[in-house]
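Everything on this sheet refers to the single structure shown next.
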Amino acid sequence: MKNIHTTSENTDNNLPICIDCGTHAGLITDIILFCGGISYAFEPNIYLYNILKSKYNDNPHVILNQAAVSNRYYTTEFLMDCGGILSQGNRIVESVDSTQKTFCVQVVDLSEIIEQQILPKYQRIYFLKLDVEGAEFEIIESLLQKQLYKHIDFIACETHERFFMDSDSKIKKLRDSIKQCGANNIFLDWI
1 MKNIHTTSEN TDNNLPICID CGTHAGLITD IILFCGGISY AFEPNIYLYN ILKSKYNDNP
61 HVILNQAAVS NRYYTTEFLM DCGGILSQGN RIVESVDSTQ KTFCVQVVDL SEIIEQQILP
121 KYQRIYFLKL DVEGAEFEII ESLLQKQLYK HIDFIACETH ERFFMDSDSK IKKLRDSIKQ
181 CGANNIFLDW I
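The sequence shown maps to residues 1 to 191 in UniProt numbering.
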């Protein structure tokens with residue numbers, strides 16, 4: 001297991017813990033900080049990561065990681081869409097949309113990080129935001145299989161089924177899995 005980058009040693013279990021996947025400009029992290037919480041922020045875009053690094057400048061309540069999230073560890077090409085390098089549509093998942101390869105990015109296993117690094121320290125996660133441009137399907141399946149969703153109060157996910165040829169079956173399978181598990185804390189298309 002790989003340890004994620006940490007800048008916080010605070011173990012106050014009363015603070016709301018957030019995992020902000022696809023941090024982009026830091027809106028959700030900003031909200032959690034305003035509420036007095038701690039944010040584990042994951043942003044694979046090196047340009048946005050550097051902006052976030054400057055923005056949060058060693059804030060002990062922001063654990064910032066320049067990595068993409070998925071259901072396993074690997075390295076891949078970061079894909080830029082037609083909106084440019086700072087676009088919200090950039091991703092690691094190949095899609096039907098045209099993209100351009102830009103740079104290599106580390107991908108981490110979010111379920112393993114939650115299970116082995118975050119939950120032992122805090123026991124409960126208040127909010128998990130997934131805006132990961134297609135990787136959410138595998139991540140949510142992993143959270144369901146490992147029953148990690150039971151340790152998270154709210155999971156908000158923007159789905160990107162439009163990136164896939166089998167979009168209808170992909171979203172149906174995900175919704176069916178959520179329903180079968182009774183995971184009423186998972187909200188799809190939350191924006």
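C-beta atoms are modelled at their ideal positions from N, C-alpha and C, and glycine is treated no differently.
All values derive from a computational prediction rather than experimental measurement.
Query: In chain order, what residues of the same chain lie with their CB nearer than 8 Å to the CB of D104, ignoring the 5 residues before and after it?; Result: Checking the sequence, you will find Cys at residue 104 rather than Asp. Cβ within range, chain order: T75, T76, E77 and F78.
Query: Quick check on DSSP: helix, strand or coil for D109?; Result: strand
Query: Just to confirm, is the Cβ distance from A68 to P44 under 7 Å?; Result: yes
Query: Relative to the C-alpha of K172, which residue among K146, L144, F137 and K150 is closest?; Result: F137
Query: Out of S167, I152 and I178, which one is the CA nearest neighbour of Q123?; Result: I152
Query: Taking Cβ to Cβ, would you say G22 is nearer than 7 Å to D131?; Result: yes
Query: Label D109 either buried or exposed according to how many other C-beta atoms from any shown protein chain fall within 10 Å of its C-beta, with 16 as the threshold for buried.; Result: buried
Query: Under 7 Å Cβ to Cβ from A183, same chain only, skipping five residues before and after it: list those, please.; Result: L144 and Y149
Query: Name the one or two DSSP bridge partners that Y74 has.; Result: V107
Query: Mapping the DSSP letters down to three states, classify N50 as helix, strand or coil.; Result: helix
Query: Taking DSSP's pairing of strands, which residues face K129 in a bridge?; Result: D20 and A156
Query: State the start and end residues of the unbroken alpha helix (DSSP H) segment that holds I178.; Result: S167 to C181
Query: Ends of the alpha helix (DSSP H) at Y122?; Result: L119 to Y122
Query: Have a look at I114, T159 and I139 and flag the residue whose alpha-carbon is nearest the alpha-carbon of D189.; Result: T159
Query: Determine whether the beta carbon atoms of S111 and S142 lie at a separation below 7 Å.; Result: yes
Query: Output the boundary residues of the alpha helix (DSSP H) element that contains L144.; Result: E136 to Q145
Query: If you draw a straight line from the alpha carbon of V62 to that of A156, how long is it in whole angstroms?; Result: 19 Å
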